[in-house]
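Numbering (the working numbering), first residue to last: 20 to 143.
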């Protein structure tokens, strides 16, 4: 799974109670022996991880298209909500994505999504 750390985008698949997978393109960053995903706290992916920690990750483009034949990595996600830890992990994303991350966060804070705190999904 850690082989995905250098990807710009990955497709994160989380699972509904029915078992149906829902895929979303996300940024990914490495933190020690885990991969991180950052997201607002009220997203569907967070709700689904609360019910089922199993996730799949596959390299993708910005729009979430996974290459034909790509084998997803399977892991478990834990939702990180503690503000100090979220801030520490946010710095990892800022270091990896630079200006793109900073401008995205700036735009988000000015919109409706900026009203919600961010959380991290820690995937192992």
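Just so it is clear, CB atoms sit at the ideal spot from N, CA and C, and this is done for glycine as well. Small disclaimer: the values here were computed from a predicted structure and weren't measured.
Figure out for me which residue from 28, 106 and 66 has the closest Cα to the Cα of residue 96. Working through the chain shown from its first residue, we reach residue 96 at position 77. Among 28, 106 and 66, the Cα nearest to that of residue 96 is on 66.
Ends of the beta strand (DSSP E) at residue 119? Taking the chain shown and counting its residues from 1, one reaches residue 119 at position 100. Not the beta strand (DSSP E): residue 119 falls in the alpha helix (DSSP H), residues 118-129.
Count the other CB atoms within 10 Å of the CB of residue 69; is the residue buried (16 or more) or exposed (fewer)? Position 50 of the chain shown, counted from the start, is the residue given in the question as residue 69. Under the 10 Å beta carbon count, residue 69 is surrounded by fewer than 16 other beta carbons and is classified as exposed.
Find out if the Cβ-Cβ distance for the pair residue 54, residue 20 is shorter than 8 Å. Looking up residue 54 in the chain shown gives position 35. Looking up residue 20 in the chain shown gives position 1. In this structure, residue 54 sits near residue 20, with a CB-CB distance shorter than 8 Å.
CA-CA distance, residue 116 and residue 40? Taking the first residue of the chain shown as 1, we reach residue 116 at position 97. Taking the first residue of the chain shown as 1, we reach residue 40 at position 21. Between residue 116 and residue 40, the C-alpha separation is close to 27 Å.
If we count the other Cβ atoms within 10 Å of its Cβ and call it buried at 16 or more, is residue 48 buried or exposed? Stepping through the chain shown from its first residue, residue 48 is reached at position 29. Flag for residue 48 reads buried.
Integer-rounded CB distance, given that residue 142 should sit under 8 Å from residue 103: Your numbering for residue 103 matches position 84 in the chain shown. Your numbering for residue 142 matches position 123 in the chain shown. Actually they do not touch by this definition, with Cβ atoms about 20 Å apart.
For residue 71 and residue 62, what's the separation of their Cα atoms in angstroms? What you label residue 71 is simply residue 52 of the chain shown in a count that begins at 1. What you label residue 62 is simply residue 43 of the chain shown in a count that begins at 1. Distance between the alpha carbons of residue 71 and residue 62: 14 Å.
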